[in-house]
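Its first residue numbered 310, the sequence shown is counted upward by one per residue in the working numbering.
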Amino acid sequence: SLGSISTETHESLAIAMNKLGAKSNTGEGGESPERLVDSSRSSAIKQIASGRFGVTSQYLTNAIQLQIKMAQGAKPGEGGELPGFKVSVDIGRLRHSTPGVGLIS
């Protein structure tokens with residue numbers, strides 16, 4: 310998801326998958342509004358998970374496919390964690406959260 314991997318990596322994966330005719334998944338981190346409306350840069354599959362990070366009406370209406378994550382699975386501790394140092398101003402904006410504060414999904 311965006312935040313656990315860099316913005317550049319997340320976008321590069323989506324571009325490559327789109328060129329191959331395959332589908333990339335946003336993961337739980339959402340996607341920037343600029344990418345949502347650009348089909349060459351947007352992930353086809355939009356994930357909705359327990360934290361609902363980055364989920365907006367624009368996010369949902371620009372999905373080709375939705376993935377609803379029901380549980381974290383076998384992850385240790387409380388589940389998916391994004392440490393505060395990875396929650397930058399941009400990641401906080403996209404996830405509708407506070408920069409510098411860790412996130413648990």
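Every residue gets a Cβ at the ideal spot worked out from N, C-alpha and C, and that includes glycine.
Do the region 359-371 and the region 329-347 touch if we need at least three Cβ pairs shorter than 8 Å?
-> yes
Pick from K355, K332, G336 and S414 that is closest to S315, judged by C-alpha positions = Along the sequence shown, read from residue 1 onward, the residue named residue 315 stands at position 6. Nearest option by C-alpha distance: G336.
Distance between A380 and N334 (C-alpha atoms, nearest Å) = To locate residue 334, count along the sequence shown from 1; it is residue 25. To locate residue 380, count along the sequence shown from 1; it is residue 71. When rounded, the distance between both Cα atoms is 17 Å.
Quick one: what's got a C-beta closer than 7 Å to S352's C-beta in the same chain, skipping five residues either side?
-> Residue 352 sits at position 43 when you count from the first residue of the sequence shown. Result list for S352: A323, S333, N334, T335 and E340, in chain order.
Among L412, I373, S406 and R404, which one has its Cα closest to the Cα of G330?
-> Within the sequence shown, numbered from 1, the residue matching residue 330 stands at position 21. Looking at the Cα atoms, I373 is the closest of the given residues.
E324 - containing beta strand (DSSP E), residue span = Residue numbering aside, residue 324 sits at position 15 when the sequence shown is read from its first letter. Correcting the residue type first, residue 324 is Ile in the shown sequence and not Glu. Note, I324: premise wrong, no beta strand (DSSP E); alpha helix (DSSP H) at T316 to L329.
Report, in whole angstroms, the separation of the C-beta atoms of G401 and P408, which I expect to be a contact under 8 Å.
-> Start at 1 with the first residue of the sequence shown, and residue 401 comes out as number 92. Start at 1 with the first residue of the sequence shown, and residue 408 comes out as number 99. That pair is a contact at about 4 Å.
Rounded to whole angstroms, what's the CA-CA distance from I357 to R404? Just pull it up for me.
-> Residue 357 sits at position 48 when you count from the first residue of the sequence shown. Residue 404 sits at position 95 when you count from the first residue of the sequence shown. Distance between the alpha carbons of I357 and R404: 12 Å.
What three-state label does DSSP hand E340 in the structure shown?
-> As a first step, residue 340 is located in the sequence shown; it is residue number 31 there, counting from the start. Of the three classes helix, strand and coil, the one that applies to E340 here is coil, per DSSP.
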